[in-house]
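Trainee: Handing you a structure now.
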Amino acid sequence: MENTSNYQLNKPAQDEKVNVGLINDNMDIIDQVLQENRSELNAHTSDATIHVTQSDKDNWNKAKTEKSGINGNIRIHDEEITVYVHPAGTNPHGTTKSDLGLDAVENKSSAQIRSEITKGDITNALAYIPDTPDEVSRKISGAVDGITDGLQDQLRTTEITGILVSGLPDGQKSFSDDWTVITSADSEGRLLTKTYTDNFSKCVTELKNSEGLVIGRMTKTFDSDGKIIADIEIK
11 MENTSNYQLN KPAQDEKVNV GLINDNMDII DQVLQENRSE LNAHTSDATI HVTQSDKDNW
71 NKAKTEKSGI NGNIRIHDEE ITVYVHPAGT NPHGTTKSDL GLDAVENKSS AQIRSEITKG
131 DITNALAYIP DTPDEVSRKI SGAVDGITDG LQDQLRTTEI TGILVSGLPD GQKSFSDDWT
191 VITSADSEGR LLTKTYTDNF SKCVTELKNS EGLVIGRMTK TFDSDGKIIA DIEIK
C-alpha cells in the first residue's frame with residue numbers, strides 16, 4: 011500500500027479490498043489538518059496590526075504633502091509644519107577661518123590691498139612689462155604708417171604698371187625716323203620710351219621719373235604665333 015506524499019494518507023491498491031479502518035484513519039488525518047489550518051487562519055485574520063483598515067486607506071488617500079514657501083517648513087494637509095529652525099546670529103555655527111582654510115590669509119579690505127599693489131607686482135603677475143601709453147601710441151602709429159606705406163606702394167605699382175601697358179594719360183608722343191622708338195612725356199616730367207628691336211618682335215618700354223631715374227620697365231616679345239610674352243619690372 012502506498013501513502014500520499016504530503017499528509018501520508020493511505021492509498022489502497024486497485025486489487026486490495028476496502029478497509030474501513032484505513033478510511034477512518036484518512037478522515038482523522040484530514041480533520042486534524044483542517045483544524046490546524048482554521049486555527050492559523052483565525053489567528054491571522056484577528057491580528058489587526060498586520061492589516062490595513064479602510065480608515066488607514068482613507069487617511070492615506072487624503073494625505074497631501076507640499077513644498078512650503080517658508081524656509082524650514084513643509085505643508086501637510088494644507089497646514090504649515092515647521093521641521094527646522096536655523097540658529098540666529100551672524101555666525102551661529104561658530105565657523106572659524108581655519109575651518110575654511112583661510113587661517114593664513116590676512117584680514118585686509120580691497121581698498122588696502124589695491125593701495126599696496128606696486129607696478130612690480132603687476133609685472134611679476136603678468137610675466138612681462140606692459141607698454142606705457144606712449145609706447146602703445148608709437149606702436150599704433152607705426153602700424154598705421156606701415157599700412158599707409160603698403161597702400162601707397164600698391165597704388166604706385168598699379169599706376170606704373172598701367173602706364174607701361176597703356177601709356178601716359180596726357181603724354182605727347184614722338185616717333186623716330188624708323189619708327190622703332192616712341193617717346194612721350196607728361197605734365198609731371200615723366201618720360202615713357204618704347205623701343206622696338208628684332209624686326210619689331212621685341213619691345214622694351216621704360217618709364218623714368220622727372221629726375222631721369224628708371225622706375226618701371228616692361229619687355230614684350232612676340233612669338234611666331236603672334237602671342238605676346240610680357241615681363242614687367244617695377245623699380
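Numbering (the working numbering), first residue to last: 11 to 245. Beta carbons: idealized from backbone N, C-alpha and C, even for Gly. On a predicted model such as this, the values are computed, not experimentally measured, just so you know.
Is the number of C-beta pairs between the region 51 to 58 and the region 81 to 91 that are closer than 8 Å three or more?
Mentor: No, they do not touch.
Trainee: Have a look at T167 and G226 and give me their C-alpha separation to the nearest angstrom.
Mentor: Looking at the two C-alpha atoms, the distance is approximately 9 Å.
Trainee: Can you give me the Cβ contacts of K218 inside the same chain, cut-off strictly under 6 Å, excluding the 5 residues immediately before and after it?
Mentor: Excluding positions up to five away in sequence, the list reads L201 and V224.
Trainee: I239 and T171: beta carbons closer than 7 Å?
Mentor: Contact flag unset, no.
Trainee: Would you kindly work out how many angstroms separate the C-alpha atoms of D144 and G152, rounded to a whole number?
Mentor: Cα to Cα, D144 sits roughly 12 Å from G152.
Trainee: From which residue to which residue does the beta strand (DSSP E) around S194 run?
Mentor: Segment V191 to A195, the beta strand (DSSP E) holding S194.
Trainee: Count the other CB atoms within 10 Å of the CB of K237; is the residue buried (16 or more) or exposed (fewer)?
Mentor: Classification of K237: exposed, given that the 10 Å Cβ count is below 16.
Trainee: Ignore the nearest five residues each way along the sequence and tell me which others in K72's own chain have a CB closer than 8 Å to its CB.
Mentor: Only H87 meet the Cβ criterion.
Trainee: When the Cα atoms are used, what is the spatial distance from N34 to D66?
Mentor: Taking the straight line joining both Cα atoms gives about 48 Å.
Trainee: For the beta strand (DSSP E) that L201 lies in, which residues bound it at each end?
Mentor: Per DSSP, L201 belongs to the beta strand (DSSP E) from L201 to T207.
Trainee: Taking its Cβ as the centre, do 16 or more other Cβ atoms sit within 10 Å of L174, making it buried, or is it exposed?
Mentor: By the neighbour-count rule (16 or more Cβ atoms within 10 Å), L174 is buried.
Trainee: Can you grab the Cα-Cα spacing for the pair G177 / I139, in whole Å?
Mentor: Those two C-alpha atoms are separated by around 54 Å.
Trainee: With which residues is Q6 paired in a DSSP beta bridge?
Mentor: Absent from the structure is residue 6, since the part of the chain shown begins at 11 and ends at 245.
Trainee: Distance, Cα to Cα, E12 vs K21?
Mentor: Those two C-alpha atoms are separated by around 5 Å.
Trainee: Grab me the residues of E169's own chain with a C-beta within less than 7 Å of its C-beta, minus the 5 sequence neighbours each way, in chain order.
Mentor: Same-chain partners within the cutoff: there are none.
Trainee: Can you tell me where the alpha helix (DSSP H) holding I123 begins and where it ends?
Mentor: Run containing I123: S120 to E126, per the alpha helix (DSSP H) assignment.
Trainee: Where D159 and T193 are concerned, what is the direct C-alpha to C-alpha distance, given to the nearest angstrom?
Mentor: Those two C-alpha atoms are separated by around 31 Å.
Trainee: Determine whether the beta carbon atoms of M228 and T215 lie at a separation below 7 Å.
Mentor: Contact: yes.
Trainee: Would the beta-carbon of G199 fall within 7 Å of that of S184?
Mentor: No; because the gap between Cβ atoms is not below 7 Å, this pair is not in contact.
Trainee: Can you tell me whether K204 is buried or exposed? The criterion is at least 16 other CB atoms within 10 Å of its CB, across all chains shown.
Mentor: Under this definition K204 is a buried residue.
Trainee: Could you give the DSSP three-state label for V154: helix, strand or coil?
Mentor: It is helical.
Trainee: Since I believe T231 is in contact with K212 (beta carbons under 8 Å), could you give me their beta-carbon distance rounded to a whole number of angstroms?
Mentor: Right, their Cβ atoms sit about 5 Å apart.
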